[in-house]
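Top to bottom, those sequences are chains A and B. Letter by letter, the first sequence follows residues 451 to 707 of our numbering. Letter by letter, the second sequence follows residues 451 to 707 of our numbering. What follows is a single structure, written as structure tokens, with notes after it.
Protein chains: 2
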Amino acid sequence: MDLTFLGTGTSQGVPLLTCTCRVCTSPDPRDRRFRSSVWLHDKDLSIVIDTSPDFRSQALRASIPKLDAVLYTHSHADHIAGFDDLRTYSVKNGNCIPIYADPFTLSRLEKAFDYAFDLKVRSPAYVCPEPHPITGPFSIGSATFTPLPVPHGSISTTGFRIDIAGQPRAAYLPDCAAVPTPIRDQIRHIPILIIDGLREEPHPTHLTIAQAIEISQDIRAGQTWLTHLTHQTLHAERDASLPTPVHLAYDTLRLTL
Amino acid sequence: MDLTFLGTGTSQGVPLLTCTCRVCTSPDPRDRRFRSSVWLHDKDLSIVIDTSPDFRSQALRASIPKLDAVLYTHSHADHIAGFDDLRTYSVKNGNCIPIYADPFTLSRLEKAFDYAFDLKVRSPAYVCPEPHPITGPFSIGSATFTPLPVPHGSISTTGFRIDIAGQPRAAYLPDCAAVPTPIRDQIRHIPILIIDGLREEPHPTHLTIAQAIEISQDIRAGQTWLTHLTHQTLHAERDASLPTPVHLAYDTLRLTL
């Protein structure tokens, strides 16, 4: 199973609109960040986590041929605004597309995209979501997802531990202000940790890079990839100064789980 | 006053996800179509009509430095999904951004983006919309907008006649199934007509290219630019076969009003 980063940027992306800072004008493609999202894929299975506002551009760039399911971490606009562009995959499949989200996130999706969820008004040409409320671990093909609820300001987001053929392989925690001990206990020694590393300065709803490193070291993660990055982080410079095995993720990076 | 096309594509854009047709794989940049939107701008004024899902990418490409107002034609996802990316312009201005839409469209925006419209829950870091329900002609700086309600399936969309310094200069009608006579009467001899020219085959909610040409000729429009185009229209080929003064619009095209 491979995991491709569709986006590694914070809510406004990088470059930030109207900004002329050194990161926003950097020629390094790793400093261009669509909003955070990942694609899990092998020859049989194709799953995205979150549909950012950039989803169509991300799916074109990655050449996503089909989608078997979509998982959501939470309902903030930078994680759901691309929902309508699932239409191609829904219509192509000729059936509804399974949507996995915690009940609160699902209720927010149903409100924002009522025309798609309300079967009474839905046009057959529109995306047809098949809601699956997350209440515990669930499997799709060879992948098992264990929900990891983590605090994110006034809400909780659902991170995921991804097990392949019964083995924990990765954890995806793109938006969190902390990782409480009971969650850490579920991802100790995880081979791949992908985690919120917003910026250097504290933020009320996100981890700093230093906090993300502390968590990686505490749980003895293997590879650790920071995501949800702002325009304050110049890839080449900051990546070089991170302690092993921590790195900055970047758009199009592909990992093998 | 200039008008720049931010996007000229139909709801799913061009290329269509997963499609390998000759238009979706065309090397001609005029065959790459973000969702339909235009930017009106001069040294003083900056206004966009609709915020498509591609809004951030469009605003980056056009280098939109500020926004004085946003106008909406209707609330379908391909015209509103980029709303959250107005945040930069709202925060940058340090105040709320005027949003002009007919009352139904405004009610749909308020439902889809309740976190921004509800001042009780809105974070100061989020986009702050200042709703202006459209009930008749209105002016912003040197531009006056006359709403042109036109049928679009089960809803009506609000096209706009754009007058500069009191002179009718352009009409923008990106989504319509017809243009009734009372609306035609308001845009006869308009120097620039921008109008829905979806495709060759009839569609229940959009104009065909032939229908758009008929309207242009009936109202004796000056330049006529077709927009909201699908992946069935190869720019170079179809543009060459259109009757004077009708052309296919394309992303980044800039007109002087």
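Here a beta-carbon is modelled for each residue, glycine too, at the ideal position from N, C-alpha and C.
Item checked: Residue environment, residue 586 of chain B, which counts as buried when at least 16 other CB atoms sit within 10 Å -> exposed
Notebook entry, point to check: For residue 682 of chain A, which option in A:483, A:617 and A:512 has the closest C-alpha, if you only look at C-alpha atoms?
Noted result: The shortest Cα separation from residue 682 of chain A among A:483, A:617 and A:512 belongs to A:483.
Check: By a C-beta neighbour count over all protein chains shown, 10 Å radius and 16 as the cutoff for buried, is residue 485 of chain B buried or exposed?
Finding: With 16 or more other Cβ atoms within 10 Å, it is buried.
Check: Which residues in chain A sit within 9 angstroms of residue 561 of chain B, going by Cβ to Cβ distance?
Finding: Listed by position along chain A, the residues whose Cβ is nearer than 9 angstroms to that of residue 561 of chain B are 561, 562 and 564.
Check: Starting from residue 508 of chain B and walking both ways along the alpha helix (DSSP H), at which residues does that stretch end?
Finding: 505-512
Margin query: Per the DSSP calculation, residue 647 of chain B is bridged to which residue(s)?
Written below: The partner list for residue 647 of chain B (beta bridge, DSSP) is empty, contrary to what the question assumes.
Margin query: With a threshold of 7 angstroms between beta carbons, is residue 538 of chain A in contact with chain B?
Written below: yes
Notebook entry, point to check: Three or more C-beta pairs closer than 8 angstroms, one from the stretch 495-506 of chain B and one from the stretch 464-476 of chain B: is that the case here?
Noted result: no
Check: With 16 other CB atoms within 10 Å as the buried threshold, where does residue 706 of chain A fall?
Finding: exposed
Notebook entry, point to check: What residues of chain A sit near residue 510 of chain B, judged by a beta carbon separation below 7 angstroms?
Noted result: 465 and 467
Margin query: In the DSSP assignment, the alpha helix (DSSP H) including residue 632 of chain A goes from what residue to what residue?
Written below: 631-634
Check: Where does residue 550 of chain B fall in DSSP's three states?
Finding: Three-state result, residue 550 of chain B: strand.
Next item on the list: Just the chain A side, please: which residues come within less than 7 angstroms of residue 527 of chain B by C-beta, in chain order?
Entry: 534
Margin query: With the cut-off set at 7 angstroms, would you say residue 673 of chain A and residue 642 of chain A are in Cβ contact?
Written below: yes
Check: Is it the case that the Cβ atoms of residue 524 of chain A and residue 631 of chain A are separated by a distance below 7 angstroms?
Finding: no
Next item on the list: Just list the alpha helix (DSSP H) runs in the stretch 451-484 of chain B, keeping only unbroken ones of 4 residues or longer that don't cross its boundaries, in chain order.
Entry: Here no run is fully enclosed.
Check: Using the beta-carbon of each residue, which ones in chain A are nearer than 8 angstroms to residue 515 of chain B?
Finding: 468
Check: Would the beta-carbon of residue 454 of chain B fall within 7 angstroms of that of residue 704 of chain B?
Finding: yes
Check: How many angstroms separate the CA atom of residue 536 of chain B from the CA atom of residue 560 of chain B?
Finding: 15 angstroms
Next item on the list: Compare the C-beta of residue 531 of chain B with all C-beta atoms of chain A and state if any pair is closer than 7 angstroms.
Entry: yes
Next item on the list: Give the interface partners of residue 682 of chain A over in chain B, defined as CB-CB distance under 9 angstroms, in chain order.
Entry: By Cβ distance, chain B contributes nothing, its closest Cβ being about 15 angstroms from residue 682 of chain A, past 9 angstroms.
Margin query: Could you check whether residue 563 of chain A and residue 595 of chain A sit closer than 7 angstroms to each other, using their CB atoms as the reference points?
Written below: no
Checklist line | Ordered list of beta strand (DSSP E) runs contained in the stretch 579-637 of chain B, each at least 3 residues | finding: 579-583, 588-590, 593-602, 605-614 and 617-623
Notebook entry, point to check: Under three-state DSSP, which class holds residue 659 of chain A?
Noted result: helix
Item checked: Local conformation of residue 666 of chain B per DSSP, three classes -> helix
Next item on the list: Name, please, each residue of chain A whose Cβ falls closer than 8 angstroms to the Cβ of residue 599 of chain B.
Entry: Neighbours of residue 599 of chain B on chain A: none; closest Cβ ~20 angstroms, over 8 angstroms.
Notebook entry, point to check: How about residue 619 of chain A and residue 669 of chain A: do their beta carbons lie closer than 7 angstroms?
Noted result: no
Check: In chain A, which residues lie with their C-beta within 8 angstroms of the C-beta of residue 708 of chain B?
Finding: Any property of residue 708 of chain B remains undetermined from this structure, which presents chain B solely from 451 to 707.
Note to self: Starting from residue 688 of chain A, trace the alpha helix (DSSP H) in both directions and tell me its first and last residue.
What the structure shows: 685-690
Check: How is the beta strand (DSSP E) around residue 524 of chain A delimited, first residue to last?
Finding: That residue, residue 524 of chain A, is in no beta strand (DSSP E); it is neither H nor E in DSSP.
Item checked: Short Cβ contact (7 angstroms threshold) for residue 627 of chain A with residue 655 of chain A -> yes
Check: Per DSSP, what kind of secondary structure is residue 497 of chain B in: helix, strand or coil?
Finding: strand
Next item on the list: Pick out whichever of A:514, A:640, A:473 and A:569 has its Cα sitting closest to the Cα of residue 671 of chain A.
Entry: A:640
Check: So, are the CB atoms of residue 489 of chain B and residue 510 of chain B less than 7 angstroms apart?
Finding: No, the pair does not count as a contact, with Cβ atoms beyond the cut-off.
Next item on the list: Could you tell me the boundaries of the beta strand (DSSP E) in which residue 572 of chain A lies?
Entry: Residue 572 of chain A -> no beta strand (DSSP E), and no H or E assigned at all.
Next item on the list: Output, in sequence order along the chain, the residues in the stretch 660-673 of chain A whose CB is closer than 9 angstroms to any CB in chain B.
Entry: none
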